[in-house]
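Single-structure report; data block below.
There are 2 protein chains.
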Amino acid sequence: MVKIDSQTKMKFLHGFSHKTRVQILESVKEEEKTVSQIVNDLNGNQSNISQHLACLKGCGLIVGKKDGKYVYYSVRNQLVRDLLTMFDVVLEDIQNDIAYCEKHID
Amino acid sequence: MVKIDSQTKMKFLHGFSHKTRVQILESVKEEEKTVSQIVNDLNGNQSNISQHLACLKGCGLIVGKKDGKYVYYSVRNQLVRDLLTMFDVVLEDIQNDIAYCEKHID
DNA sequence: TTATTATATTAGCAATGACTAATATGTGTG
DNA sequence: CACACATATTAGTCATTGCTAATATAATAA
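Going down the list, the sequences are from chains A and B. No gaps in the numbering here: position 33 of the first sequence is 36 in the working numbering, and each next residue is one more. No gaps in the numbering here: position 30 of the second sequence is 33 in the working numbering, and each next residue is one more.
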């Protein structure tokens, strides 16, 4: 197994650390969508969603292809799709035991 | 597939969103360790590590078993272990293309 | 029982991340 | 060309998260 640079890894994982980003990932998991479609899906605001999209792209989780005035975003590849599925599998397994982690760190 | 509550999901994913927490997960992935062993492994400070451990526990990613004055932490189960491995598999695949995401959101 | 070691918790400050609003860029259309 | 639409970017502010230092708790050892 090739060595993974820790900084790269954190950049990647950062993609999953915000609700809006995770919702975007779910929204484009099975089919590519334009920014406005995503904005609609999530009932978000354009600027905000665009910023999260830029982040997800930087994290390597999604790719965007431009077509005229639209940009179509989709999950990068099948591995990333599998990873998203895996989250749900693991969660299904542990969800009932998850204790409160309200303060997230304390 | 059972429905995953979005709040629970975010709590879970939050566990992976900080370098120290990821390092802790890696440190206890294959063998359980006491807090002080982890503090040593990571060259961290006790209070800080304790706080991250509490977070990881709250996120459902690790479990701690108390034995006398020691607490042994380990990854919750094989599924979580698999998920950690999967991160590396996916990363190996995309690591070279990951563009900068320096600002993480902008 | 006093001291020591291991871990957890709290409070306050420092740092990072996210949101909104405004504006810029780029593309097609009347 | 002027306008409208889709998306991106920037700046400023607000909110969240994380760190350090101090202290608390709990278990063992002297």
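All C-beta atoms in this analysis are idealised placements derived from N, C-alpha and C, irrespective of residue type, glycine included.
Within 8 Å of the CB of LYS69 (chain A), no CB atom of chain B is found; the nearest one sits about 16 Å away. Of the candidates A:VAL78, A:LEU94, A:VAL66, A:LEU94 places its Cα closest to the Cα of GLN81 (chain B). For the C-beta of VAL83 (chain B), the chain A residues within less than 7 Å are, from N- to C-terminus, VAL93.
Counting only runs of 3 or more residues that sit fully inside the stretch 54-105 of chain B, the beta strand (DSSP E) segments are 65-70, 73-78, in chain order. Straight through space, the alpha carbons of THR23 (chain B) and VAL42 (chain B) are spaced by roughly 10 Å. Rounded to whole angstroms, VAL25 (chain B) and PHE19 (chain B) show a C-alpha spacing of 6 Å. In the DSSP assignment, HIS17 (chain A) falls within the alpha helix (DSSP H) that extends over 9-17.
It is roughly 13 Å from the alpha-carbon of ARG84 (chain B) to the alpha-carbon of VAL66 (chain B). Contact between the stretch 28-35 of chain A and the stretch 54-72 of chain A is present: three or more C-beta pairs spanning the two stretches fall below 8 Å.
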